[in-house]
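Residue numbering for the sequence shown is 0 to 408, as defined by numbering that gives the first Met the number 0.
Below is one structure, written out as structure tokens; comments come after it.
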Amino acid sequence: MSDKARLAAYNVVKRIFDGAYSNLVLSHQGLSGLDRAFAENIVLGTLERKVTLEYVLSKFINRQCSSEVSALLITGIYQILYMDRVPDSAACDETVNLAKELFGQKVAGFANGVLRNICRKKAAVLKGIDRSEGYIKYSADKDLYNLLKGYYPENIEKIFNAFFGKPAAFLRVNTLKSNAEAVAEKINGKVMDSTCVQVEDISEAVKLISQGEFYIQGKASQEAVKLLDAKPDEIIIDVCACPGGKSLGAAIDMENKGRIYSLDLHDKKLPLIEKSASLLGIDIIETRKNDARKAIDEFIGIAHKVICDVPCSGTGVMGSKPEIKYKSPEAFKGLYPTQRAIIQEASRYLKVGGVMVYSTCSINKAENEDIVADFLKNNWGFKLTYEKTCLPFEAECEGFYMAKIIREL
């Protein structure tokens, strides 16, 4: 594999460690084909095992090195320890060559010594990782790991191990135009139920998405829409709608009859919902800019159903967003007042007898059970009828939480 791919991978890793998002920077590296795939493998693997790799590096150096040199070395260590198809000699030699090109002969000599030592002791290194503390073994912020361990002591290793796997891809079938069996046949997918198809190669699905027979939607998001149980001729309000998957799913369940108000703070994203709705043959969705922390007066008391999918930490989807693994729980605390305000204001839209589904892609109970319990404690006349937390290793799904709340009075 070319030095170009490894250099690109290093540049991306360095930028991510400086705070950029992994899903944004790879597209700007000018790679294609095998080089791009190889670079992506290094980048995503290095990112999801960052703490582990830094731990290994610390055992083989006796002096502090710059963040740039460290970033290059751990890309090499990742190749040695986890990329079975890359010979250890190639991983070492090519990383040393890059070190010479980027930092000079002295750093190259240092890199050569470190990486060859790791190669020689590879089996012992891997055993050491397996015996290390959980946050090191599974590469996460220590406090975040311990927080989730406190919630799920019996399943904590299963949870974090699941984040190393490739998340399954799912399609929501547009039953206004097709059915699950027909969609599955077109894209060589697996029928999960009458509206959901699992697909192995998402690129094949993307090629056919313009036909409007399905759209890409995670299984967790689809489960929340099913819990809503939207019916024809209802009025539904989606308070944090973008990118629109739940609004679209509800519209399909309503047989494109009724009205959905898809609201979002970011008005520049609303045309994405409108475009998707048009592609699917849906015309009952009306978009509007609104801060979900303040209900729209004219909508108070009109809704049969409310979709309340709030901004969250994303701790259930760390497999696809590994940056989240390195955030301290302290970083999440600013979300809690927003979540409380949104569920409070969203509830004002409901008619008596109406249903609200509160959901997150988090497995942090402070954002889930605690928010719902606090809402029910402070709002007489509402009843919790169902709640569920799905952990990342369960049901071929990333982690999520959802709760069904009915306005009784």
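Think of the CB as a built atom: it goes at the ideal place given N, C-alpha and C, for glycine as much as any other residue.
- Span of the alpha helix (DSSP H) around Gln197: Careful: Gln197 lies outside any alpha helix (DSSP H), inside the beta strand (DSSP E) at Cys195 to Val198.
- Anticipated Cβ contact below 8 Å, Gly353 with Arg406, distance rounded: Gly353 to Arg406, Cβ: 5 Å. Contact.
- Task: Run the CB neighbour count on Gln210, radius 10 Å, all protein chains shown included, and call it buried at 16 or more, exposed below.
- Result: Classification for Gln210: exposed.
- Message: Can you tell me whether Tyr385 is buried or exposed? The criterion is at least 16 other CB atoms within 10 Å of its CB, across all chains shown.
- Response: Within 10 angstroms of the beta-carbon of Tyr385 lie fewer than 16 other beta-carbons, which makes it exposed.
- Query: When the Cα atoms are used, what is the spatial distance from Lys3 to Asp34?
  - Reply: Pairing Lys3 with Asp34, the inter-Cα distance amounts to about 8 Å.
- Message: With DSSP as the reference, identify every bridge partner of Gly257, one or two as the case may be.
- Response: According to DSSP, Gly257 bridges with Glu233.
- Presumed contact (8 Å Cβ cut-off) between Asp290 and Leu269, rounded CB distance: With a Cβ gap of about 14 Å, Asp290 and Leu269 do not count as contacting.
- Message: Once DSSP output is grouped into helix, strand and coil, what is the label at Phe16?
- Response: Three-state result, Phe16: helix.
- Look up Ser358 in the DSSP assignment and say whether it is helix, strand or coil. If DSSP states are grouped into helix, strand and coil, Ser358 belongs with the strands.
- What residue range is occupied by the uninterrupted alpha helix (DSSP H) comprising Leu462? Only positions 0 to 408 of the chain appear in the structure, and residue 462 is not among them; the question remains open.
- Task: Specify the secondary structure class of Gly300 as computed by DSSP and reduced to three states.
- Result: Three-state result, Gly300: coil.
- Task: Please name the residue, chosen from Asp237, Leu278 and Leu143, that lies closest to Ala294 on a Cα-to-Cα basis.
- Result: Comparing Cα-Cα distances from Ala294 to each of Asp237, Leu278 and Leu143, the minimum goes to Asp237.
- Under the three-state DSSP convention, the category Met0 falls into: Annotation note: pLDDT 46 at Met0 (below 50); position unreliable, coordinate value reported separately. Note: Met0 maps to coil in three-state DSSP.
- Query: Do you know whose CA, among Pro310, Glu297, Lys218 and His303, lies nearest Gly257's CA?
  - Reply: Closest option to Gly257, Cα to Cα, is His303.
- Message: Helix, strand or coil for Leu6? Go by DSSP, reduced to three states.
- Response: Here Leu6 sits in helix by DSSP.
- With a CB to CB cut of under 7 Å and the five nearest residues on each side skipped, what residues in its chain are close to Leu52? Counting only residues of its own chain and dropping the five nearest sequence neighbours on each side, Leu52 has a CB closer than 7 Å to the CB of Thr45, Ile73, Ile76 and Tyr77.
- Message: Tell me the rounded alpha-carbon separation between Tyr357 and Ala250.
- Response: Going by the C-alpha atoms only, they are around 18 Å apart.
- Item | Nearest residue (CA-CA) to Arg48, options Met317, Pro336 and Val351 | The option with the nearest alpha carbon to Arg48 is Met317.
- Minimum C-alpha distance to Gly243 - residue among Leu6, Glu397 and Arg171: It is Arg171 whose Cα lies nearest to the Cα of Gly243.
- Among Cys241, Asp83, Val106 and Glu254, the one whose alpha carbon lies nearest that of Asp228: Of the candidates Cys241, Asp83, Val106 and Glu254, Glu254 places its Cα closest to the Cα of Asp228.
- What are the start and end residues of the alpha helix (DSSP H) that includes Asp129? For Asp129, the enclosing alpha helix (DSSP H) begins and ends at Lys121 to Arg130.
- Short check: CB of Val190 to CB of Ala181, under 7 Å? Here Val190 is not near Ala181, since their CB atoms are 7 Å or more apart.
- Could you tell me which residues DSSP puts in a beta bridge with Thr388? For Thr388, which the question treats as bridged, DSSP gives the partners Tyr400.
- Message: Taking the alpha carbon of Pro310 as the reference point, which residue from Ile301, Arg339 and Pro321 has its own alpha carbon closest?
- Response: Closest option to Pro310, Cα to Cα, is Arg339.
- Ala276 classed as buried or exposed, judged by whether at least 16 other C-beta atoms fall within 10 angstroms: Buried: at least 16 other Cβ atoms inside 10 Å.
- Task: Tell me where the alpha helix (DSSP H) around Ala223 begins and ends.
- Result: Unbroken alpha helix (DSSP H) run through Ala223: Lys218 to Leu227.
- Classification of Met0 by the beta-carbon crowding that lies within 10 angstroms, buried from 16 upward: Because the pLDDT at Met0 is just 46, under 50, the model does not fix this residue reliably, and the value given afterwards should be weighed accordingly. Here Met0 is buried, its C-beta having at least 16 other C-beta atoms within 10 Å.
- Message: Does Val190 come out as helix, strand or coil in the three-state DSSP assignment?
- Response: Taken through DSSP and simplified to helix, strand or coil, Val190 comes out as strand.
- Cβ neighbour criterion (16 or more within 10 Å) applied to Arg5: The residue in question, Arg5, is buried, as its Cβ has 16 or more Cβ neighbours within 10 Å.
- Query: For Ile259 versus Ser246, is the C-beta spacing smaller than 7 Å?
  - Reply: In contact: Ile259 and Ser246 (Cβ atoms closer than 7 Å).
- Item | CA nearest to the CA of Lys13, picked from Pro231, Leu43, Ala223 and Arg347 | If we check each option's Cα against that of Lys13, Leu43 comes out closest.
- Item | Residue closest to Thr174, alpha-carbon to alpha-carbon, out of Gly188, Val305 and Cys195 | In this structure, Cys195 is the residue among Gly188, Val305 and Cys195 with its C-alpha nearest to the C-alpha of Thr174.
- Task: Pick out whichever of Leu226, Pro231, Lys165 and Tyr214 has its Cα sitting closest to the Cα of Glu199.
- Result: Restricting attention to Leu226, Pro231, Lys165 and Tyr214, the CA atom closest to the CA of Glu199 is found in Lys165.
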